[in-house]
Amino acid sequence: MANLTPMIDVTFLLIVFFVVVSQIVDLESVDLELPAPEQPATHLPGEEPRAVVNILPGNEGRSRGYKVAGREYQPTPEGLAGLRDALVLLYQSTPTMRVNLRADRYTDYRWISPVLKVIRQAAGIADVGLEGASLNLVVVREDA
Amino acid sequence: MSTGELLHEAVDLPPVRRRVREAPAIGLNLTSMIDVVFLLLIYFMVATDFKQAEEVYRLDLPERIEGMSVDPFQLDDEPLRIMVRSTGPGDEEYRIHIDGPWGEVNDFEGLYEFLDSRRLDGMGGGLFAEDHPLIVIPGADTRWSDAVGAFNAAVRAGYLNITFEEISS
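Just so you know, the sequences run in chain order A and B. Okay, so the first sequence: first residue is 1 according to the numbering used here, each after it adds one. Okay, so the second sequence: first residue is 1001 according to the numbering used here, each after it adds one.
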């Protein structure tokens, strides 16, 4: 009779691994087609604390919402207010954090500009200092 | 002497060997675990999607303080305004206009050359210091990639004080 104990052990470890990792990946980033500028003068992201704001792509340059820390917000004034409140809480817990802004290359600027404004307002409400909000605009290097 | 022993001696047979019961060997059966580990390895090799290298531009958004007293003798640099518009669905379909007497440039490379050639070089040449404020002004329907392309040209040219203009609601 086969001894199934190690197989069951490994299988359970595997399940726990996938459950944990899939949640981390889902919270951090969304599958987007990020901008890929030619000859990018970019930096590698640092090790400082960060929050990731994803602008979810929709049809024909629209956005279907914003996603921060696993929560989605509608692209409406109410949704933007919710996004601002979430960012204020994050700034209050970590005033030195940077905000990684991830947006699809085909999204129109009309959907991105309100997010820049909300991030700036949230940093002001949380009183992070005169420098205000520090952003990382995320792109991909296609020559890497 | 028993009858059996007498019989052995009589027929010259080898002595009777007494059976000793040996303890069973203790060991783990690793076969199934190895099977699963190999399956796991094959799964990761097949399913791994190599992620493209993500990098960042650093950008500060200082808070605008309404009604803040301004030093009347302080001369602020007039920011250089760079307008970007997407004119079609293609990646190369965009227009760049630099506010003031400068007019249009053809593409992001042209914008880079314009900005690079006018940056103060410390030897009397150039027009704008590296901390001169630059404002990238995308239109409402400008693709994010075109806005980032203009931003990239300014960063490549060595400017440090670049920001995006927000669309007023």
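No residue lacks a Cβ here, since even glycine has one placed at the ideal position from N, Cα and C. Quantities reported herein were computed from a predicted structural model and do not represent experimental measurements.
Do residue j and residue i come within 8 Å of each other at the CB atom, strictly closer than that value?
i	j	result
B:V1056	A:N136	yes
B:T1142	A:D127	no
A:L151	B:P1062	With chain A covering only 1 through 144, there is no way to say anything about residue 151 of chain A.
B:F1108	A:E38	yes
A:V138	B:E1054	yes
B:P1133	B:D1077	yes
A:R110	B:A1140	yes
A:A51	A:L90	yes
A:E48	A:T5	no
A:N3	B:N1029	yes
B:I1135	B:P1079	yes
I'd like the list of long-range same chain contacts for residue i, defined as Cβ closer than 7 Å, with 5 residues on each side in sequence excluded.
i	result
B:M1068	In this prediction, B:M1068 scores a pLDDT of 49, lower than 50, which makes its location untrustworthy; no coordinate-derived value is stated.
B:Y1157	Just to set this straight, residue 1157 of chain B is Ala in the shown sequence, not Tyr. Closer than 7 Å at the Cβ level, and outside the excluded window around B:A1157, lie Y1112, L1115, D1116 and R1119.
A:P40	V139 and R141
B:V1155	Y1057 and I1162
Please classify residue i: does DSSP put it in a helix, a strand, or coil?
i	result
B:N1106	coil
B:G1067	With a pLDDT of 48 at B:G1067, under the threshold of 50, the modelled position of that residue is not reliable, and no figure is offered here.
B:P1244	This structure does not reach residue 1244 of chain B, given that chain B is present from 1001 up to 1169, and the question cannot be answered.
A:D108	strand
B:T1142	coil
B:T1163	strand
A:R62	coil
A:A133	strand
A:D9	helix
A:N100	strand
B:M1033	helix
B:D1116	helix
A:E72	strand
B:I1098	strand
A:N54	strand
B:A1150	helix
A:L87	helix
A:V30	coil
A:I153	The shown model of chain A, from 1 to 144, leaves out residue 153 of chain A, and the question about it has no answer.
B:L1039	helix
B:I1026	coil
A:R217	Since the displayed chain A opens at 1 and closes at 144, residue 217 of chain A lies outside it and no answer follows.
A:E78	helix
B:L1081	Correcting the residue type first, residue 1081 of chain B is Arg in the shown sequence and not Leu. B:R1081: strand per DSSP, three-state reduction.
B:R1058	strand
B:L1111	helix
I'd like the list of long-range same chain contacts for residue i, defined as Cβ closer than 8 Å, with 5 residues on each side in sequence excluded.
i	result
A:E119	The identity of residue 119 of chain A in the sequence shown is Ile, whereas the question assumes Glu. Closer than 8 Å at the Cβ level, and outside the excluded window around A:I119, lie V53, L87, V99, L101, A133 and L135.
A:V30	N54, L56, K67 and R102
A:Y73	G65, Y66, K67, G79, L80, G82, L83 and A86
Counting only Cβ pairs nearer than 7 Å, list the residues of chain B close to residue i.
i	result
A:Q39	R1156
A:I112	W1144
I want to verify the contact list: residues of chain B whose CB lies under 8 Å from the CB of residue i, in sequence order.
i	result
A:G132	D1060, L1061, P1062 and E1063
A:D104	W1144
Under 6 Å Cβ to Cβ from residue i, same chain only, skipping five residues before and after it: list those, please.
i	result
B:M1033	none
B:A1153	F1108, L1111 and Y1112
A:R105	E33 and P35
B:N1161	D1131 and P1133
B:V1105	I1096, L1111 and F1114
So which residues on chain A does residue i lean against when the C-beta distance must stay under 7 Å?
i	result
B:M1033	P6, M7 and V10
B:G1149	P37
Whose Cβ in chain B lies nearer than 9 Å to the Cβ of residue i?
i	result
A:K117	L1061, E1166, I1167 and S1169
List, in chain order, every chain A residue whose beta-carbon is nearer than 8 Å to that of residue i.
i	result
B:G1139	Y109
For this session: Assess, as a yes-or-no matter, whether the region 1083-1093 of chain B is touched by the region 1142-1162 of chain B under the definition of 3 or more beta carbon pairs within less than 8 Å.
Result: In short, these stretches touch, since the Cβ pair count reaches three.
Exercise. Is it a yes or a no for the region 1104-1117 of chain B touching the region 84-100 of chain A, going by three-plus beta-carbon pairs under 8 Å?
Worked result: Between the region 1104-1117 of chain B and the region 84-100 of chain A there are fewer than three C-beta pairs closer than 8 Å, too few to call the two in contact.
For this session: Take every Cβ of the region 1122-1139 of chain B, pair it with every Cβ of the region 5-15 of chain A, and state whether three or more of those distances are shorter than 8 Å.
Result: No, they do not touch.
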